[in-house]
Amino acid sequence: MVKIYTKSGDKGKTNLLFGGKTSKSDLRVETYGTVDEAVSFLGLAKSLITNNEIKKIIEDLQHSLFIIGAELATTPKNKKKLNNEVKTITTDMVNNLESLIDNINEKIDLGDKFIMPGNSVGSSAIDVARTVVRRLERRIVELIGSDISINSNIIPYVNRASDLLFILGRFEDKNKVTKEVTDLRKS
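Here is the structure:
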C-alpha cells in the first residue's frame with residue numbers, strides 16, 4: 028500500500044516537479060494550488076450538469092489545467108525535463124478554445140446585459156469555477172510580475188478558459204429563464 032502522507036511537508040516546504048523545494052507560501056505554490064482548486068470546482072460542475080457536450084468540454088479543460096499546473100510546478104532549470112515528458116500549452120490550444128467559444132456563442136443569445144448567476148445548479152457551479160479560473164489568471168500575472176518565467180501561451184489560454192466557462196454557463200441555461208441585471212445605478 029502506498030502511503031498518502033510523506034511528512035516531508037511538515038516543515039512548510041514542498042517539492043516541485045522534477046526536483047527543487049520551496050516554501051508552501053511561495054507564490055508559485057499558491058498559483059498551482061489555484062489550478063488545483065479550479066480543476067476541483069470544474070469537477071463539481073461536471074457532476075452537476077446534464078449536458079454531455081458541456082461535460083466533455085469541462086473534462087478537456089481539466090486536463091489542460093493539469094498541464095498548466097505541471098508547468099507552474101517546474102523550475103526554469105527543469106523545463107527541459109518537463110518538455111520531454113509532459114505536454115505543454117500551445118498556441119493551437121488557445122486557438123481551439125477560441126473556436127469552441129465562437130461555436131457555442133452561435134447557439135445562444137447573450138443579450139447585452141449582465142447575467143445574474145444562479146439560474147441552475149449546473150450553471151452556478153460553472154460560474155464558481157469561472158471565478159476561480161479568473162483568480163488563477165491574476166495569480167499567473169502576479170507570478171510573471173515577480174520575474175518567474177512561464178510559457179507565454181498560459182495567460183491567453185487561461186483567459187480564454189474563463190471566457191469559455193462564461194459561455195458554457197449560459198449554454199447550460201439555454202432553455203431556462205435567466206435573470207438579467209438591467210440597471211446597476213443607484214436609484
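In the working numbering, the protein residues as written are 28 to 214. Think of the CB as a built atom: it goes at the ideal place given N, C-alpha and C, for glycine as much as any other residue. Please read all numbers here as calculations on a predicted model, not as lab measurements.
Asked	Found
Can you give the Cα-Cα distance for I177 and L44, rounded to whole angstroms?	14 angstroms
From this set, V160, E169 and I171, which residue's C-alpha is nearest L191's C-alpha?	V160
Is T58 closer than 7 angstroms to R166 when the C-beta atoms are compared?	yes
Looking at C-alpha atoms only, which residue of L75, V56 and I31 is the closest neighbour of S147?	L75
For L109, is the classification buried or exposed, using 16 other Cβ atoms within 10 angstroms of its Cβ as the cut-off for buried?	buried
Is there at least one Cβ from chain C nearer than 7 angstroms to I84's Cβ?	Among the chains of the structure shown, chain C does not appear; only one protein chain is present.
So what does K40 bridge to, in DSSP terms?	S50
Quick one, are the C-beta atoms of K102 and N180 less than 7 angstroms apart?	First, the amino acid is wrong: residue 102 is Thr here, not Lys. Taking 7 angstroms as the Cβ cut-off, T102 and N180 do not qualify as a contacting pair.
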